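See structure below.
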Amino acid sequence: MFKTRKFLVFLMVISLVLASMAVGCGKEAVPSLQEEEKETILITDSLGRQVIVPKQVEKIACLWNFAGYAVGLLG
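The structure is reproduced here in structure tokens:
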């Protein structure tokens with residue numbers, strides 16, 4: 020009985036490890052510009068994160084003092 024329980028625990032641990040590895044290997048869906056309207060643009064930052072924003076931006080929010088100052092200087 021003890022060997023069977025030990026084997027089942029081992030089998031469950033192995034299956035969880037394999038399942039977590041399989042989930043980590045999937046590719047993330049990247050939004051394409053063809054699906055979106057032509058009135059939007061795709062912005063990619065230095066870390067590779069992508070955001071789709073409208074071409075005509077009315078307001079922005081700066082989370083760092085210097086960034087707000089630089090945006091004010093650039094117009």
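Residues are numbered in our numbering as their position in the sequence shown, beginning at 1, plus a constant of 19.
The beta-carbon is built from N, C-alpha and C at its ideal position, and this holds for glycine as well.
As the structure is a prediction and not an experimental result, all values here were calculated from the model.
Task: Residue closest to Glu58, alpha-carbon to alpha-carbon, out of Leu66, Trp83, Val28 and Val72 - done: Here residue 58 refers to the residue found at position 39 of the sequence shown. Nearest C-alpha to Glu58: Val72.
Open item on the list: Can you tell me where the beta strand (DSSP E) holding Ile62 begins and where it ends?
Closed with: The residue you call residue 62 lines up with position 43 of the sequence shown. That run of the beta strand (DSSP E) goes Thr59 to Thr63.
Task: Minimum C-alpha distance to Gly67 - residue among Ala86, Leu37 and Glu47 - done: Counted from its first residue, the sequence shown places residue 67 at position 48. The residue with the shortest Cα to Cα distance from Gly67 is Glu47.
Open item on the list: Taking the straight line between their C-alpha atoms, what separation do you get for Gln69 and Trp83?
Closed with: On the sequence shown, residue 69 is found 50 positions in, with the first residue counted as 1. On the sequence shown, residue 83 is found 64 positions in, with the first residue counted as 1. If I take the Cα positions, the gap works out to 20 Å.
Task: First through last residue of the alpha helix (DSSP H) which encompasses Val28 - done: The sequence position of residue 28 within the sequence shown is 9, counting from 1. Looking at the DSSP string, the run of the alpha helix (DSSP H) that includes Val28 is Phe21 to Gly43.
Task: Bridge partners - Gln75, DSSP secondary structure assignment - done: Within the sequence shown, numbered from 1, the residue matching residue 75 stands at position 56. Its beta-bridge partners do not exist; DSSP assigns none.
- [ ] Within its chain, find whatever has a CB closer than 7 Å to the CB of Gly87; leave out the 5 residues flanking it on each side and keep chain order.
- [x] Counting from one through the sequence shown, the residue named residue 87 turns up at place 68. Here the set comprises Cys81.
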